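Remarks on the structure that follows.
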Amino acid sequence: MPVFYDCSTAPSPRRARIVLAEKGVAHDVRQIDLASGEQLSPEFRAINPACTVPVLALDDGAVLTDNAGIAAWAEAVQPDPPLLGTTALEKAAVASWNSRIEGECFMAIAEVLRNRAKGMKDRALPGPENYPQIPELAERGRARLGHFLDRFEAHMAGRGWVATNDFTLADITAGVALDFAQWIKVDANEGRPAIAAWRERLAQRPSFAL
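In this text, residue positions in the sequence shown follow our numbering: the first is 1147, and each later residue adds one.
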């Protein structure tokens, strides 16, 4: 059975956790305590030298070390329900929106948190190397997030889901990202009724309680 290396408090592995739940992929779970630096231990480095979670170790010895790989694998081994689109155009839309949300929303939030939080001093980027915080990047990240939310609200007006007519990976990425925004005291629902309605739909899915 695959082994999923998780951290229940972190947003990035939560994305993979939701994918595996939506797909119904059975797996064992091992928690990695990011707060104590367990991801930097020699034992975990041997599993993932990048020192990040999520990680999915497969039965054949292959190790998937990011959300993109885990989602692609899960879609291939368990096509239903489809999370990456079904037609060529849907697949393009899901990939495009997923990339956009990662770059314009997820990373903007991470810029704020990692360049401001006292507990992340010299850990401004995840991974095996230490990088100093740059306060100006936190200011830029907060501005970037605000601009993205304005665009996203306009996009979601009159829509049920982010990329297609169905729930997809783009909804998972965006939903987790906007929950993550609470870490920097940003309420994505405030003044944005379309986003608020969509997030209410997400909250009805059992996987989003994970």
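We put the CB at the ideal spot given by N, CA and C, even for glycine.
Values in this document were obtained by computation on a predicted structure and should not be read as measured data.
Report the residue from R1161, T1155, E1275 whose alpha carbon sits nearest the alpha carbon of A1214.
Answer by Cα proximity: R1161.
Rounded to the nearest angstrom, what separates E1221 and E1257 at their Cα positions?
Distance between the alpha carbons of E1221 and E1257: 30 angstroms.
Report all residues from its chain with a CB closer than 6 angstroms to the CB of R1260; omit the five preceding and five following residues, and keep chain order.
Taken in chain order, the residues that qualify are M1266, A1270.
How about P1159 and P1200: are their beta carbons less than 8 angstroms apart?
Contact flag set, yes.
Give the C-beta separation of P1148 and L1202 to the nearest angstrom, bearing in mind that I take them to be a contact with Cβ-Cβ under 8 angstroms.
Rounded, the Cβ-Cβ distance is 6 angstroms, consistent with contact.
What three-state label does DSSP hand D1325 in the structure shown?
DSSP places D1325 in helix when its eight states are reduced to three.
Output needed for D1312: all residues of its chain with C-beta closer than 7 angstroms, excluding positions within five of it in sequence on either side, in chain order.
Once the five neighbours on either side are set aside, D1312 has no close Cβ partner at all.
For the stretch 1303-1312 against the stretch 1236-1243, do three or more pairs of beta-carbon atoms, one drawn from each stretch, fall closer than 8 angstroms, so that the two count as touching?
Cβ pair count under 8 angstroms is three or more, so yes.
Could you say which of W1329, G1249, C1153, V1171 lies nearest to L1204 if we only look at CA atoms?
Checking every option, the nearest Cα to that of L1204 belongs to V1171.
Apply the 10 Å Cβ neighbour rule to Q1350 and answer buried if 16 or more other Cβ atoms are within range, or exposed otherwise.
When all chains shown are included, Q1350 counts as exposed.
Short check: CB of H1173 to CB of L1180, under 8 angstroms?
No.
Could you tell me whether the stretch 1278-1293 touches the stretch 1222-1229, using the rule of 3 or more Cβ pairs below 8 angstroms?
Judged by Cβ distances under 8 angstroms, the stretch 1278-1293 makes no contact with the stretch 1222-1229, as fewer than three pairs qualify.
Quick check on the DSSP output: what are the complete alpha helix (DSSP H) runs of length 4 or more inside the stretch 1159-1211, in order along the chain?
List check, alpha helix (DSSP H) in window: 1188-1193.
Does the distance from the C-beta atom of I1247 to that of T1319 stay below 8 angstroms?
Yes, the pair counts as a contact, with Cβ atoms nearer than the cut-off.
Bridge partners for F1150 per DSSP, in chain order?
Answer by DSSP bridge pairing, in chain order: V1175, L1202.
Does R1110 come out as helix, strand or coil in the three-state DSSP assignment?
Outside the displayed span of the chain (1147 to 1356) sits residue 1110, for which this structure offers no information.
For A1334 and L1295, which I take to be in contact (beta-carbon distance under 8 angstroms), what is that distance rounded to the nearest angstrom?
That pair is a contact at about 6 angstroms.
How long is the line joining the alpha carbons of Y1277 and E1346, rounded to whole angstroms?
Taking the straight line from one Cα to the other gives about 37 angstroms.
Please classify W1329: is it buried, with 16 or more other beta-carbons within 10 angstroms of its beta-carbon, or exposed?
Exposed, since its Cβ has fewer than 16 Cβ neighbours within 10 Å.
Indicate the three-state DSSP secondary structure (helix, strand or coil) for R1305 in the structure shown.
Residue state, collapsed to three classes: coil.
Under the rule that 16 or more other beta-carbon atoms within 10 Å means buried, what is G1207, buried or exposed?
Exposed, because fewer than 16 other Cβ atoms sit within 10 Å of the Cβ of G1207.
According to the Cβ coordinates, are L1229 and L1348 closer than 8 angstroms?
Contact flag unset, no.
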